[in-house]
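Q: Numbering (the working numbering), first residue to last: 1 to 198.
Built from N, CA and C at the ideal position, the CB exists for glycine as well.
Below you will find the structure I want to go over with you.
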């Protein structure tokens, strides 16, 4: 492998899967600090581009794809090591480090009400996927539509997620939940939800 330290696809002997990007796995009460620490550590290792999307995968037929895949998997393992187990389980099956970018950016700040639109892309077997919501504590989450029908691989659909505080006095720390999309054949896709009261 290229020994050039400015090359983001370079892994060094000290880069192992057990590397911790932060001193202890972070969760709600230290989430903001953990995110900042993680970004600094990834930048120092010249791997932040795997998160922000500036280091894109080459074509699977390109000889550099295997090198990119190895670095991408290493970055994913570092991120998983740095997350609280509840959060890590939500991102465990991501195949690209850039898919974790919502966590690394710091989640959604919630005022009185917040709506976001998100694309849903079919990567496996076509079918109808229905959503099950595990809302963050003290937050109401509504997903529209609640089911998406994919007729072919690679097809994209848009769904809207509305967040609303259930009660006043919502905690000021980050809170976590997730959406689980599943079809009748047992295929599942989990999307993390991270919110913080504005």
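Under the rule that 16 or more other beta-carbon atoms within 10 Å means buried, what is residue 83, buried or exposed?
A: The residue is buried, with at least 16 neighbouring Cβ atoms inside 10 Å.
Q: Taking the beta carbon of residue 65 as the centre, do at least 16 other beta carbons fall within 10 Å, making it buried, or is it exposed?
A: The residue in question, residue 65, is exposed, as its Cβ has fewer than 16 Cβ neighbours within 10 Å.
Q: Any idea which residues DSSP pairs residue 129 with across the strands?
A: The partner list for residue 129 (beta bridge, DSSP) reads 148.
Q: By Cβ distance below 6 Å, which residues in the same chain neighbour residue 7 in space, the five residues on each side in sequence not counted?
A: Closer than 6 Å at Cβ, skipping near neighbours: no residue.
Q: Over what stretch of residues does the alpha helix (DSSP H) that includes residue 21 continue unbroken?
A: That residue, residue 21, is in no alpha helix (DSSP H); it is neither H nor E in DSSP.
Q: Below 8 Å, how does it come out for the segment 145-162 and the segment 52-62: are there three or more Cβ pairs, yes or no?
A: In short, these stretches do not touch, since the Cβ pair count stays below three.
Q: Between the alpha carbons of residue 164 and residue 133, how many angstroms are there, rounded?
A: Their Cα atoms are separated by approximately 14 Å.
Q: Roughly how many angstroms separate the alpha carbons of residue 39 and residue 139, rounded to a whole number?
A: When rounded, the distance between both Cα atoms is 27 Å.
Q: If you follow the beta strand (DSSP E) that residue 182 is in, where does it begin and where does it stop?
A: Residue 182 -> beta strand (DSSP E) spans 175-182.
Q: Within 10 angstroms of its Cβ, does residue 183 collect 16 or more other Cβ (buried), or is it exposed?
A: Its Cβ being crowded by 16 or more others within 10 Å, residue 183 is buried.
Q: On the three-state DSSP scale, how would you describe residue 55?
A: If DSSP states are grouped into helix, strand and coil, residue 55 belongs with coil.
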